[in-house]
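Peer 1: Residue numbers (this note's numbering), protein chains in the order written: chain A, -4 to 540; chain B, 67 to 373. Take this structure first; my questions come after.
Below, the structure is given as structure tokens:
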């Protein structure tokens, strides 16, 4: 073999570069052939029989309701189990296992009247004893329950439960709990005859419920969960389940790009947590559509009141809100999904008069000047008590574009004379800081889930609450919250809720931002409307054609 | 030989013992392991927290805890995962076969491509073959695995729809992660084979063999390759050890449910017992593979046996 000369070397380099570029561009280009729903009729019919594949962004760890805290698990379990109450398509609380309910006069005892036509998937009847067992099992220290159930029992100040007869069940609380029916939508009823005989390490992967689907298999080695329709489900006759999906396969892909590739390649029917900047890839594929809806998660920039004295100045906190160009951030970083808010409450309790702060840097400067927060040495940075203001802003990359949003906000603050830097933190480390209320930063980006109820929405800001991470204290707010928790009449609750929102808006415990969005990729072969909660429920999904 | 083997085995036991002390010690870095594992104790009663502490044996003196921990390991009891609420070993057992499949297929692909390519480049030094081979080597080492993986997904998963884009279960799922993972190893090992082969080919005994009139293939494969294999085997051994420990990027990108992905998820969730189980298992595999390589080295290289 002869040695290559300079000219051949150059030619070779050129060929290799061309091969590389071809590989890259063939991978990056969009394909029109992918958009081929023009399958033959028989092929289309065959396609309709195949399972609906849901690819989630997080991996489920358990299907035992007493141990679950993650949406990735709860939304699967809500197909397998029933709850006492549930949310309808308008997000109103309606009966499920319970037909009706009422509260005692002192508000300490709630009585639930149960349907008598519900059976678990093994044929055993669901009775009030199973409801009581669900609570007893959670409260039993030997169970070592974790997650959502503990949050609910804590929220309702649970004391005890009792069986009156097979279809009547009562819950007693230590303080009146007007929002018991809302909370009960989160408690999935488990059968005593099954769970009482199994060790908790065995129940994690072997659920048995009374819901519209049953677990066919959980391939733990490959993270694939398969559910099949429970054709004896009471809700089919009652008309609460109208979908025709026989089999649902749940998979997980933590990488955004992998989930998008799944739907674009036709391997998935629904994916969640789609970043706005990947929407075009989905719609451009021709096999799926991108859908983004306003979710219930309240997203905001928290203020750590313990970190700097300047936060005690109301004018400064208001200036922080006026300085934030939230609309531009939503438009450029969130694909225009969402609107700026000045409340922490979801519909239907959100106060329509609680108008968002406008982006007004001049007003921000004016407020600070009036409060004596001035740049006296002319270096462009304002001082408070003689010290230049420097704020550390933290984001963890957990929420869509949160780090970029904080960077934009840091620039907004610099424009009004407040020095700010963004420090990205690891989420698990940051959670430890939140739990101990010992935050290293001055301001932080955070989201908070919601059950669409005013009291639970606002509890985060009660001075004594563990979730009041920023340590904001406002005695008027606390007093009104006490008033709210004692009110049973819905219109009274609505009114008190409005007043609380106005207190928050004026006192600015946070920099208000928006309600987070729920973004999905949905295959063209199915019709499905996402729930407002952001959880994926397929009981009313249907095949197209 | 026996002395050497016993010495290496004793060294491995000491290393593994050290690893158990380190993983056990990690539990106490923040003081109370109960709060480290539970993290968010919001909503939990003091009774429930105490019950958890007692059930995990954290109420006992740390020496007793270490004894329980180490004796548990010998019984195959690595504790209960806090996040999955299942025995850690059971969870790892689910993930490990996937990692083994991926590791061995990537290693096999590496050997099949890298060794012949390295030999070819060395034998045909400074020719077109060598240039192409080394250009491949340069590319393979320069291209990040996640980028190669993305390209493979776009080309074979999205555009051509030949292969599933993520997950595991069939042989088709294995192809793309294997290629993505093997590309980097292939490039590195091809370069190592080439340089060691060139080194050996310049030795006197090769010249002697050629002078004696031996055929080219006999010289290359019988005399040169065997002498060049030592460093290659060491490298492949280390490679296999790392691969069996799970490759986090590849497994995450292709949603391949292996040990690497499991370990990183356990870390994110502060599932300390599961992290410990993964670390001990990975470390044991790494130590074991290295021991095997060292022993193999002795078999292949008589010089090593003498020393």
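Every residue, glycine too, gets a C-beta built ideally from N, C-alpha and C.
1. Name the chain A residues that come within less than 7 Å of residue 118/B, Cβ to Cβ?
2. List the residues of chain A whose Cβ lies closer than 9 Å to the Cβ of residue 208/B, in chain order.
3. Is the distance from the Cβ of residue 174/A to the Cβ of residue 459/A below 8 Å?
4. So residue 158/B packs on residue 328/B, CB below 8 Å; how close in whole Å?
5. Which of the three DSSP states is assigned to residue 448/A in this structure?
6. Could you check where the alpha helix (DSSP H) with residue 301/B kicks off and where it finishes?
7. Apart from the five residues just before and just after residue 81/B, which ones in its own chain have a Cβ nearer than 7 Å to its Cβ?
8. Taking Cβ positions, are residue 123/A and residue 162/A nearer each other than 8 Å?
9. Should residue 294/A be flagged as near chain B, meaning a C-beta pair shorter than 8 Å?
10. Please say whether residue 310/B and residue 165/B have beta carbons closer to each other than 8 Å?
11. Taking buried to mean at least 16 other C-beta atoms within 10 Å of its own C-beta, is residue 210/B buried or exposed?
12. For residue 479/A, collect the residues of the same chain with a Cβ closer than 8 Å to its Cβ; drop the 5 residues on either side in sequence, then sort them by chain order.
13. For residue 67/A, would you say it is in contact with chain B, using Cβ-to-Cβ distances shorter than 8 Å as the test?
14. Contact defined as beta carbons within less than 8 Å: I believe residue 231/B pairs with residue 260/A. What is the distance between those atoms, to the nearest angstrom?
15. Any beta-carbon of chain A closer than 8 Å to the one on residue 152/B?
16. Output the distance between the C-alpha atoms of residue 234/A and residue 535/A, rounded to the nearest integer angstrom.
17. Can you give me the Cβ contacts of residue 359/B inside the same chain, cut-off strictly under 7 Å, excluding the 5 residues immediately before and after it?
18. At a Cβ threshold of 8 Å, is residue 227/B touching chain A?
19. With 16 other CB atoms within 10 Å as the buried threshold, where does residue 541/A fall?
20. Against chain B, with Cβ distances strictly below 8 Å, would residue 247/A count as a contact?
21. To the nearest angstrom, report how far apart residue 476/A and residue 69/A are at their CA atoms.
22. Return yes when the Cβ of residue 193/A is within less than 8 Å of the Cβ of residue 209/A, no when it is not.
23. Which of the three DSSP states is assigned to residue 363/B in this structure?
24. Measuring only the C-alpha atoms, how far is residue 257/B from residue 296/B?
25. Buried or exposed for residue 290/B, going by 16 or more other Cβ atoms inside 10 Å?
26. When you compare the CB of residue 70/A with every CB in chain B, is at least one pair closer than 8 Å?
27. How is residue 256/A classed by DSSP in three states: helix, strand or coil?
28. Once you ignore the five residues that flank residue 152/B on each side, which residues in its own chain have a CB closer than 8 Å to its CB?
29. Using the Cβ count rule (16 or more neighbours within 10 Å means buried), how would you classify residue 517/A?
30. Between residue 200/A and residue 53/A, which are expected to be in contact by the criterion C-beta below 8 Å, what is the C-beta distance as a whole number of angstroms?
31. Reducing DSSP to helix, strand and coil, say where residue 515/A ends up.
32. Determine the direct distance from the alpha carbon of residue 72/A to that of residue 31/A, and round the result to whole angstroms.
33. Start and end of the alpha helix (DSSP H) containing residue 385/A?
34. State the Cα-Cα distance for the pair residue 49/A and residue 211/A, rounded to the nearest angstrom.
35. Would you say residue 231/B lies against chain A (beta-carbon separation less than 8 Å)?
36. With 16 other CB atoms within 10 Å as the buried threshold, where does residue 317/B fall?
Peer 2: Short version:
1. Residue 118/B sits at position 52 when you count from the first residue of the second chain. By Cβ distance, chain A contributes 139.
2. Sequence index remark: in the second chain, residue 208/B carries index 142 (1-based). Correct list: empty, because the minimum Cβ distance to chain A is about 11 Å.
3. Within the first chain, residue 174/A is the residue found at index 179, counting from 1. Within the first chain, residue 459/A is the residue found at index 464, counting from 1. Cβ atoms of residue 174/A and residue 459/A: not closer than 8 Å.
4. Walking along the second chain from the start, residue 158/B turns up at place 92. Walking along the second chain from the start, residue 328/B turns up at place 262. Yes, they are in contact, since the Cβ atoms of residue 158/B and residue 328/B sit about 7 Å apart, within 8 Å.
5. Within the first chain, the letter at position 453 stands for residue 448/A. Three-state DSSP puts residue 448/A in coil, outside helix and strand.
6. As a working note, residue 301/B is residue 235 in the second chain. Element bounds for residue 301/B: 291 to 310.
7. By 1-based counting over the second chain, the position of residue 81/B is 15. For residue 81/B, where only same-chain residues beyond five positions count, the Cβ hits under 7 Å are 353.
8. Sequence index remark: in the first chain, residue 123/A carries index 128 (1-based). Sequence index remark: in the first chain, residue 162/A carries index 167 (1-based). Yes. Within cutoff.
9. Counted from its first residue, the first chain places residue 294/A at position 299. So no, residue 294/A is outside the interface.
10. Sequence index remark: in the second chain, residue 165/B carries index 99 (1-based). Sequence index remark: in the second chain, residue 310/B carries index 244 (1-based). Cβ distance < 8 Å, so residue 165/B and residue 310/B count as in contact.
11. The count along the second chain starts at 1 and reaches residue 210/B at position 144. With fewer than 16 other Cβ atoms within 10 Å, it is exposed.
12. Mapped onto the first chain, residue 479/A falls at position 484. Excluding sequence neighbours, residue 479/A sits near 449, 450, 453, 488, 491, 492, 495.
13. The residue given as residue 67/A occupies position 72 in the first chain. Closer than 8 Å: no.
14. The count along the second chain starts at 1 and reaches residue 231/B at position 165. The count along the first chain starts at 1 and reaches residue 260/A at position 265. Rounded, the Cβ-Cβ distance is 5 Å, consistent with contact.
15. On the second chain, position 86 is the one that residue 152/B refers to. Interface residue, yes.
16. Working through the first chain from its first residue, we reach residue 234/A at position 239. Working through the first chain from its first residue, we reach residue 535/A at position 540. Approximately 10 Å between the Cα atoms of the pair.
17. For the purposes of this step, residue 359/B is taken as residue 293 along the second chain, with counting starting at 1. 299, 300, 303, listed in sequence order.
18. The residue labelled residue 227/B in the question sits at position 161 within the second chain. Cβ-Cβ to chain A under 8 Å: yes for residue 227/B.
19. One cannot answer for residue 541/A here, as it falls past the ends of chain A, which runs -4 to 540.
20. Residue mapping note: residue 247/A aligns to position 252 of the first chain, counting from 1. Yes - at least one Cβ of chain B is within 8 Å of the one on residue 247/A.
21. Translated into positions along the first chain, residue 476/A becomes position 481. Translated into positions along the first chain, residue 69/A becomes position 74. Cα-Cα distance, rounded: 29 Å.
22. As a first step, residue 209/A is located in the first chain; it is residue number 214 there, counting from the start. As a first step, residue 193/A is located in the first chain; it is residue number 198 there, counting from the start. In this structure, residue 193/A does not lie closer than 8 Å to residue 209/A by Cβ.
23. In the second chain, residue 363/B corresponds to position 297, counting from 1. Helix, per DSSP.
24. Within the second chain, residue 257/B is the residue found at index 191, counting from 1. Within the second chain, residue 296/B is the residue found at index 230, counting from 1. Cα to Cα, residue 257/B sits roughly 14 Å from residue 296/B.
25. By 1-based counting over the second chain, the position of residue 290/B is 224. Result: buried.
26. Sequence index remark: in the first chain, residue 70/A carries index 75 (1-based). By this cut-off, residue 70/A is not an interface position.
27. Along the first chain, one-based indexing puts residue 256/A at 261. In the structure shown, residue 256/A sits in a helix (DSSP, three-state: H, G or I).
28. By 1-based counting over the second chain, the position of residue 152/B is 86. Answer for residue 152/B: 146, listed in chain order.
29. Counted from its first residue, the first chain places residue 517/A at position 522. With 16 or more Cβ atoms within 10 Å of its Cβ, residue 517/A is classed as buried.
30. By 1-based counting over the first chain, the position of residue 200/A is 205. By 1-based counting over the first chain, the position of residue 53/A is 58. Going by Cβ atoms, the distance from residue 200/A to residue 53/A rounds to 17 Å, so no, they are not a contact pair.
31. Numbered from 1 along the first chain, position 520 holds the residue referred to as residue 515/A. If DSSP states are grouped into helix, strand and coil, residue 515/A belongs with the strands.
32. Along the first chain, one-based indexing puts residue 31/A at 36. Along the first chain, one-based indexing puts residue 72/A at 77. With a pLDDT of 38 at residue 31/A, under the threshold of 50, the modelled position of that residue is not reliable, and no figure is offered here.
33. Stepping through the first chain from its first residue, residue 385/A is reached at position 390. Taken as a continuous stretch (DSSP letters only), residue 385/A belongs to no alpha helix (DSSP H), being part of the beta strand (DSSP E) at 385 to 390.
34. As a position in the first chain, residue 49/A is number 54, starting the count at 1. As a position in the first chain, residue 211/A is number 216, starting the count at 1. Distance between the alpha carbons of residue 49/A and residue 211/A: 15 Å.
35. Along the second chain, read from residue 1 onward, the residue named residue 231/B stands at position 165. Taking Cβ atoms only, chain A reaches closer than 8 Å to residue 231/B, which makes this a yes.
36. Translated into positions along the second chain, residue 317/B becomes position 251. Answer is buried; the Cβ neighbour count reaches 16.
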